[in-house]
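Enquirer:
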Ligand code: 5RP
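In this note's numbering, the protein residues as written are 132 to 396.
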């Protein structure tokens, strides 16, 4: 692996081999998602807890301070919307020149395995890897399911993750599921856990993240369960403890409650 690629990967995956990635890219197909209407305001209190920010070029340029030292993973796929025909019908939206211009540490795109656009999105990944490798830029593949959240089981997700790795993704982001070790063990590159819709309780989030970490994930890429929470700083600190300090869900809940009581949002 070349120095540039290693350097970029080490910006987002910390010395302990773990990472807490913060996605705020939802607007690229969902529009002004609840609590992300003003992304610049949303990230202000929590950016310091993120190891990298997953964001589109538009929100990066308009809402993220240019002197921020949080590494950027640029979301480079899109072209669909939640009210359109099929969320899977994505293309690549951002040129490699833009990625370099924006000083991104990595790029991310979605693949939709099993959808009508499986081939198209897998070729998006393969072509992006061909281009990004030329410049030492790591690609993170997101195993997306569109509106079909029920697809998220170990059999399907292990298929998606393995295909993403085979096509050259350096990191794969996928949903947590029962028997998550099956997903991680079948994937030869690091796996990060995606969040999905906000859970009913904070403990549920702590538990699935902890379980995923125990089963071999290197971290999370988790958005709504942090910034849609009433206390995003408390959530971010608690999850950081699970990821970087091996805290158990109960310890993480103590951190959440203490931070909340101290009046930190
Ligand atoms: C959508 C994405 C988003 O980055 C990610 O899934 C959103 O995070 P969360 O589900 O935790 O809010 O890739 O496909």
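For glycine and all other residues, C-beta sits at the position ideal for the given N, C-alpha and C.
#1: Per the DSSP calculation, residue 183 is bridged to which residue(s)?
#2: Given the structure, does residue 241 come close to the ligand 5RP, in the sense that its CB is under 7 Å from one of the ligand's heavy atoms?
#3: Tell me whether residue 185 counts as near the ligand 5RP, meaning its Cβ is closer than 7 Å to at least one heavy atom of that ligand.
#4: Assuming residue 270 and residue 288 are in contact, meaning their beta carbons sit under 8 Å apart, how far apart are those beta carbons, in whole angstroms?
#5: For the ligand 5RP, is there a heavy atom less than 7 Å away from the beta-carbon of residue 375?
#6: Given that a residue counts as buried once 16 or more other Cβ atoms are within 10 Å of its Cβ, and exposed if not, what is residue 188?
#7: Just to confirm the assignment: which complete beta strand (DSSP E) runs, minimum length 3, are found wholly within the stretch 233 to 296?
#8: Count the other C-beta atoms from every protein chain shown that fall within 10 angstroms of the C-beta of residue 261, then say buried if there are 16 or more, exposed otherwise.
#9: Taking the CB atoms as reference points, tell me whether residue 256 and residue 325 lie closer together than 8 Å.
#10: Out of curiosity, what's the CA-to-CA distance linking residue 194 and residue 160?
#11: Give me the Cα-Cα distance between residue 156 and residue 230, rounded to the nearest whole angstrom.
#12: Excluding five sequence neighbours on each side, which residues of the same chain lie with their C-beta closer than 6 Å to the C-beta of residue 358?
Expert: Put simply:
#1: For the purposes of this step, residue 183 is taken as the residue at position 52 of the chain shown. BP columns for residue 183 point to 152.
#2: Your numbering for residue 241 matches position 110 in the chain shown. Yes, Cβ of residue 241 sits closer than 7 Å to a heavy atom of the ligand 5RP.
#3: By 1-based counting over the chain shown, the position of residue 185 is 54. Yes, the ligand 5RP has a heavy atom inside 7 Å of this Cβ.
#4: Here residue 270 corresponds to residue number 139 of the chain shown, with the count starting at 1. Here residue 288 corresponds to residue number 157 of the chain shown, with the count starting at 1. Residue 270 to residue 288, Cβ: 18 Å. No contact.
#5: The residue given as residue 375 occupies position 244 in the chain shown. For the ligand 5RP, not one heavy atom lies less than 7 Å from the Cβ of residue 375.
#6: Position 57 of the chain shown holds residue 188. Its Cβ being crowded by 16 or more others within 10 Å, residue 188 is buried.
#7: 237 to 242 and 270 to 274
#8: The count along the chain shown starts at 1 and reaches residue 261 at position 130. Classification of residue 261: exposed, given that the 10 Å Cβ count is below 16.
#9: In the chain shown, residue 256 corresponds to position 125, counting from 1. In the chain shown, residue 325 corresponds to position 194, counting from 1. The answer is no: Cβ separation not under 8 Å.
#10: Residue 194 sits at position 63 when you count from the first residue of the chain shown. Residue 160 sits at position 29 when you count from the first residue of the chain shown. Answer to the nearest angstrom: the Cα atoms are 18 Å apart.
#11: Taking the first residue of the chain shown as 1, we reach residue 156 at position 25. Taking the first residue of the chain shown as 1, we reach residue 230 at position 99. Rounded to whole angstroms, residue 156 to residue 230 spans 15 Å at the Cα level.
#12: Your numbering for residue 358 matches position 227 in the chain shown. Correct list, in chain order: 166 and 173.
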